[in-house]
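Encoded as C-alpha coordinates, the structure appears first; notes follow it.
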Amino acid sequence: MSGKTIVITGISRGLGRALTEEFLRLGHTVWGVSRDRQAVEALQKRYPGGRFDVVDVSSWSEVSRWAGERLAEGTPDIVINNAALINRNASLWEVPVHEFDQVIDVNLKGVFYVIKAFLPAMLQRREGVIVNMSSGWGRSTSPQVAPYCATKWAIEGLTKALAQELPSGMAAVPLNPGIIHTDMLESCFGEAARNYPSPETWAKRAAPFLLKLGPQHNGQSLSVPF
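Sequential numbering of the sequence shown, starting at 0, is according to numbering that gives the first Met the number 0.
Structure below.
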(Lines of atoms letter the chains of each structure in order from A; the text may use other names.)
(Lines give C-alpha, C1' and ligand atoms only; values in the text may rest on other atoms or scores of the structure.)
Protein backbone atom coordinates (compact mmCIF):
# COMPACT_ATOMS: atom_id res chain seq x y z
CA MET A 0 0.00 0.00 0.00
CA SER A 1 3.03 2.28 0.01
CA GLY A 2 3.70 4.96 -2.56
CA LYS A 3 0.20 5.45 -3.93
CA THR A 4 -0.85 8.61 -5.75
CA ILE A 5 -4.23 9.81 -4.55
CA VAL A 6 -6.46 12.53 -6.00
CA ILE A 7 -8.70 14.25 -3.44
CA THR A 8 -11.13 17.10 -4.04
CA GLY A 9 -12.31 19.46 -1.31
CA ILE A 10 -9.10 19.47 0.76
CA SER A 11 -9.50 22.81 2.53
CA ARG A 12 -11.34 21.46 5.58
CA GLY A 13 -13.37 18.60 7.01
CA LEU A 14 -12.96 15.10 5.65
CA GLY A 15 -10.87 16.15 2.67
CA ARG A 16 -8.34 18.00 4.80
CA ALA A 17 -8.13 15.18 7.35
CA LEU A 18 -7.72 12.51 4.66
CA THR A 19 -5.03 14.55 2.92
CA GLU A 20 -3.00 14.87 6.09
CA GLU A 21 -3.42 11.20 7.02
CA PHE A 22 -2.41 9.91 3.57
CA LEU A 23 0.65 12.15 3.63
CA ARG A 24 1.53 10.91 7.11
CA LEU A 25 1.34 7.35 5.79
CA GLY A 26 3.79 8.20 3.01
CA HIS A 27 1.53 8.59 0.00
CA THR A 28 1.38 11.35 -2.60
CA VAL A 29 -1.73 13.54 -2.68
CA TRP A 30 -2.91 15.64 -5.60
CA GLY A 31 -5.49 17.82 -3.90
CA VAL A 32 -7.71 20.73 -4.86
CA SER A 33 -9.98 23.31 -3.27
CA ARG A 34 -11.49 26.63 -4.25
CA ASP A 35 -10.00 28.17 -1.08
CA ARG A 36 -6.69 29.69 -2.17
CA GLN A 37 -5.58 30.53 1.37
CA ALA A 38 -6.13 26.94 2.54
CA VAL A 39 -4.36 25.51 -0.49
CA GLU A 40 -1.33 27.74 0.01
CA ALA A 41 -1.20 26.87 3.71
CA LEU A 42 -1.28 23.15 2.92
CA GLN A 43 1.44 23.49 0.30
CA LYS A 44 3.64 25.34 2.74
CA ARG A 45 3.09 22.79 5.48
CA TYR A 46 3.42 19.75 3.21
CA PRO A 47 5.82 20.61 0.38
CA GLY A 48 5.68 17.01 -0.82
CA GLY A 49 2.01 17.33 -1.75
CA ARG A 50 0.65 18.83 -4.96
CA PHE A 51 -2.15 21.22 -4.10
CA ASP A 52 -4.00 23.45 -6.55
CA VAL A 53 -6.79 26.01 -6.54
CA VAL A 54 -9.52 24.45 -8.68
CA ASP A 55 -13.30 24.82 -8.83
CA VAL A 56 -14.54 21.30 -9.57
CA SER A 57 -17.78 22.70 -10.99
CA SER A 58 -15.74 24.20 -13.87
CA TRP A 59 -14.82 21.74 -16.61
CA SER A 60 -12.12 24.05 -17.98
CA GLU A 61 -10.42 24.26 -14.58
CA VAL A 62 -10.67 20.54 -13.89
CA SER A 63 -9.39 19.53 -17.32
CA ARG A 64 -6.45 21.93 -17.11
CA TRP A 65 -5.51 20.71 -13.63
CA ALA A 66 -5.80 17.05 -14.63
CA GLY A 67 -3.62 17.63 -17.67
CA GLU A 68 -0.89 19.14 -15.51
CA ARG A 69 -0.97 16.34 -12.95
CA LEU A 70 -1.25 13.51 -15.49
CA ALA A 71 1.98 14.73 -17.06
CA GLU A 72 3.60 13.48 -13.83
CA GLY A 73 1.92 10.06 -13.75
CA THR A 74 -1.41 8.35 -13.18
CA PRO A 75 -3.36 8.25 -9.89
CA ASP A 76 -4.05 5.00 -8.10
CA ILE A 77 -7.12 6.33 -6.27
CA VAL A 78 -9.46 9.22 -7.07
CA ILE A 79 -11.60 10.43 -4.17
CA ASN A 80 -14.43 12.77 -5.11
CA ASN A 81 -14.99 14.42 -1.75
CA ALA A 82 -15.88 18.05 -2.55
CA ALA A 83 -19.51 18.80 -1.74
CA LEU A 84 -21.91 21.51 -0.67
CA ILE A 85 -25.12 21.27 1.32
CA ASN A 86 -28.08 23.62 1.15
CA ARG A 87 -29.08 25.63 4.18
CA ASN A 88 -31.89 23.86 6.01
CA ALA A 89 -35.10 24.65 4.14
CA SER A 90 -38.11 22.97 2.59
CA LEU A 91 -37.46 22.25 -1.06
CA TRP A 92 -39.76 24.99 -2.37
CA GLU A 93 -37.96 27.54 -0.21
CA VAL A 94 -34.45 26.72 -1.45
CA PRO A 95 -33.08 29.60 -3.57
CA VAL A 96 -32.53 28.66 -7.20
CA HIS A 97 -28.86 29.70 -7.15
CA GLU A 98 -28.26 27.56 -4.05
CA PHE A 99 -29.87 24.51 -5.67
CA ASP A 100 -27.71 25.06 -8.75
CA GLN A 101 -24.53 25.26 -6.68
CA VAL A 102 -25.28 22.00 -4.88
CA ILE A 103 -25.91 20.23 -8.19
CA ASP A 104 -22.86 21.77 -9.87
CA VAL A 105 -20.37 20.78 -7.17
CA ASN A 106 -21.84 17.53 -5.85
CA LEU A 107 -22.78 15.95 -9.17
CA LYS A 108 -21.24 17.75 -12.13
CA GLY A 109 -17.96 18.15 -10.26
CA VAL A 110 -17.75 14.40 -9.71
CA PHE A 111 -18.39 13.75 -13.40
CA TYR A 112 -15.76 16.28 -14.46
CA VAL A 113 -13.06 14.75 -12.26
CA ILE A 114 -13.87 11.24 -13.46
CA LYS A 115 -13.90 12.34 -17.08
CA ALA A 116 -10.53 14.05 -16.65
CA PHE A 117 -8.64 11.28 -14.82
CA LEU A 118 -10.29 7.97 -15.67
CA PRO A 119 -9.02 7.61 -19.28
CA ALA A 120 -5.41 7.51 -18.04
CA MET A 121 -6.34 4.94 -15.41
CA LEU A 122 -8.12 2.84 -18.02
CA GLN A 123 -4.92 2.61 -20.03
CA ARG A 124 -3.33 0.82 -17.08
CA ARG A 125 -6.53 -1.09 -16.26
CA GLU A 126 -5.84 -0.30 -12.63
CA GLY A 127 -7.22 2.10 -10.06
CA VAL A 128 -10.13 2.89 -7.80
CA ILE A 129 -12.71 5.68 -8.05
CA VAL A 130 -14.29 6.58 -4.71
CA ASN A 131 -17.28 8.90 -4.85
CA MET A 132 -18.32 10.18 -1.45
CA SER A 133 -21.96 9.37 -0.84
CA SER A 134 -23.80 9.84 2.44
CA GLY A 135 -26.36 8.30 4.70
CA TRP A 136 -28.58 10.73 2.83
CA GLY A 137 -27.69 8.95 -0.38
CA ARG A 138 -29.44 5.86 0.96
CA SER A 139 -32.18 7.48 3.04
CA THR A 140 -33.75 10.94 3.27
CA SER A 141 -34.50 13.70 5.77
CA PRO A 142 -36.50 16.92 5.46
CA GLN A 143 -34.80 20.27 4.87
CA VAL A 144 -31.92 18.80 2.83
CA ALA A 145 -33.69 17.58 -0.32
CA PRO A 146 -31.12 19.04 -2.80
CA TYR A 147 -28.26 17.38 -0.96
CA CYS A 148 -30.16 14.09 -0.77
CA ALA A 149 -30.87 14.28 -4.49
CA THR A 150 -27.18 14.62 -5.34
CA LYS A 151 -26.07 11.81 -3.05
CA TRP A 152 -28.73 9.43 -4.37
CA ALA A 153 -27.49 10.39 -7.84
CA ILE A 154 -23.91 9.60 -6.78
CA GLU A 155 -24.99 6.11 -5.79
CA GLY A 156 -26.57 5.49 -9.19
CA LEU A 157 -23.81 7.14 -11.19
CA THR A 158 -21.12 5.16 -9.39
CA LYS A 159 -22.86 1.81 -9.67
CA ALA A 160 -23.46 2.34 -13.40
CA LEU A 161 -19.81 3.34 -13.85
CA ALA A 162 -18.78 0.18 -12.04
CA GLN A 163 -20.60 -1.88 -14.68
CA GLU A 164 -18.61 -0.12 -17.40
CA LEU A 165 -15.13 -0.62 -15.94
CA PRO A 166 -12.82 -3.42 -17.06
CA SER A 167 -11.75 -6.11 -14.62
CA GLY A 168 -8.99 -4.96 -12.32
CA MET A 169 -10.64 -1.63 -11.51
CA ALA A 170 -13.33 -0.43 -9.12
CA ALA A 171 -15.83 2.37 -8.59
CA VAL A 172 -17.32 2.64 -5.11
CA PRO A 173 -19.95 4.93 -3.56
CA LEU A 174 -18.76 5.47 0.01
CA ASN A 175 -20.77 6.65 2.99
CA PRO A 176 -18.23 8.23 5.36
CA GLY A 177 -20.59 8.09 8.33
CA ILE A 178 -21.73 10.93 10.58
CA ILE A 179 -18.70 13.12 11.32
CA HIS A 180 -18.42 16.48 13.08
CA THR A 181 -17.79 18.81 10.15
CA ASP A 182 -18.92 22.32 9.27
CA MET A 183 -21.47 20.71 6.97
CA LEU A 184 -22.92 18.65 9.82
CA GLU A 185 -23.08 21.74 12.03
CA SER A 186 -25.16 23.47 9.37
CA CYS A 187 -27.75 20.70 9.77
CA PHE A 188 -27.44 19.55 13.38
CA GLY A 189 -26.23 22.71 15.13
CA GLU A 190 -24.44 22.07 18.44
CA ALA A 191 -25.48 18.40 18.35
CA ALA A 192 -22.81 17.88 15.67
CA ARG A 193 -20.23 17.96 18.47
CA ASN A 194 -21.47 14.55 19.61
CA TYR A 195 -19.88 12.89 16.58
CA PRO A 196 -16.24 12.00 15.82
CA SER A 197 -13.86 14.63 14.47
CA PRO A 198 -12.56 14.41 10.89
CA GLU A 199 -9.07 13.67 12.24
CA THR A 200 -10.31 10.73 14.31
CA TRP A 201 -12.35 9.50 11.35
CA ALA A 202 -9.40 9.73 8.94
CA LYS A 203 -7.32 7.36 11.09
CA ARG A 204 -9.83 4.64 10.21
CA ALA A 205 -10.89 5.85 6.78
CA ALA A 206 -7.45 6.13 5.17
CA PRO A 207 -6.41 2.48 5.76
CA PHE A 208 -9.89 1.35 4.69
CA LEU A 209 -9.64 3.32 1.44
CA LEU A 210 -6.16 2.01 0.70
CA LYS A 211 -7.47 -1.57 0.83
CA LEU A 212 -10.23 -1.04 -1.72
CA GLY A 213 -9.79 -3.02 -4.92
CA PRO A 214 -11.57 -4.78 -7.79
CA GLN A 215 -13.42 -7.05 -5.35
CA HIS A 216 -15.32 -3.99 -4.10
CA ASN A 217 -16.43 -2.74 -7.52
CA GLY A 218 -19.99 -1.42 -7.46
CA GLN A 219 -20.57 -2.03 -3.76
CA SER A 220 -22.19 0.65 -1.63
CA LEU A 221 -19.74 0.77 1.26
CA SER A 222 -19.45 2.63 4.56
CA VAL A 223 -16.35 3.47 6.54
CA PRO A 224 -16.39 1.16 9.58
CA PHE A 225 -16.35 3.08 12.83
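Every residue gets a Cβ at the ideal spot worked out from N, C-alpha and C, and that includes glycine.
Being a predicted model, the structure only gives us computed values, none of them experimental.
With fewer than 16 other Cβ atoms from the protein chains shown falling within 10 Å of its own Cβ, Lys44 counts as exposed. In the structure shown, Ile85 falls within a coil segment according to DSSP collapsed to helix, strand and coil.
A contact is defined here as three or more CB-CB pairs under 8 Å, and the segment 87-102 fails this definition with respect to the segment 70-78. Around the C-beta of Asp100, fewer than 16 other C-beta atoms lie within 10 Å, and the residue is accordingly described as exposed. For Pro173, the enclosing beta strand (DSSP E) stretches over residues 169-175. Annotation: the continuous beta strand (DSSP E) that includes Val130 extends over 127-132. Note on geometry: alpha-carbon atoms of Ser11 and Phe22 lie some 15 Å from one another.
Contiguous alpha helix (DSSP H) elements confined to the segment 7-77 occur at 13-24, 36-45, 59-70, taking only those with 4 or more residues.
For Leu212, the secondary structure class from DSSP, reduced to helix, strand or coil, is coil. When secondary structure is reduced to three states using DSSP, Ile154 falls in the helix class. Between Met121 and Leu174, the CB-CB gap reaches or exceeds 8 Å.
Looking at the DSSP output, Ile79 shares a beta bridge with Ile7, Val130.
Rounded to whole angstroms, the Cβ separation of Ser63 and Val105 is 16 Å, and the two are not in contact under 8 Å. For a cut-off of 8 Å, the C-beta gap from Gly49 to Leu42 is around 7 Å, short enough to register as a contact. If you check the CB distance, Ala153 and Phe117 do not come in under 8 Å.
Ranking Ser139, Ile114, Met169, Asn81 by CA distance to the CA of Leu212 puts Met169 first. Counting along the chain, the unbroken alpha helix (DSSP H) around Leu118 starts and ends at 109-124.
Excluding residues up to 5 positions away in sequence, Ile7, Ile10, Val29, Gly31 lie with their Cβ nearer than 6 Å to the Cβ of Thr19 in the same chain. Cβ-Cβ separation between Ile103 and Leu209: approximately 26 Å, too far for a contact (criterion under 8 Å). Across the set Ile129, Phe111, Glu61, the C-alpha of Ile129 shows the shortest separation from the C-alpha of Ser220.
Measuring C-alpha to C-alpha distances from Gly135 to each of Ile114, Glu155, Arg125 identifies Glu155 as the nearest.
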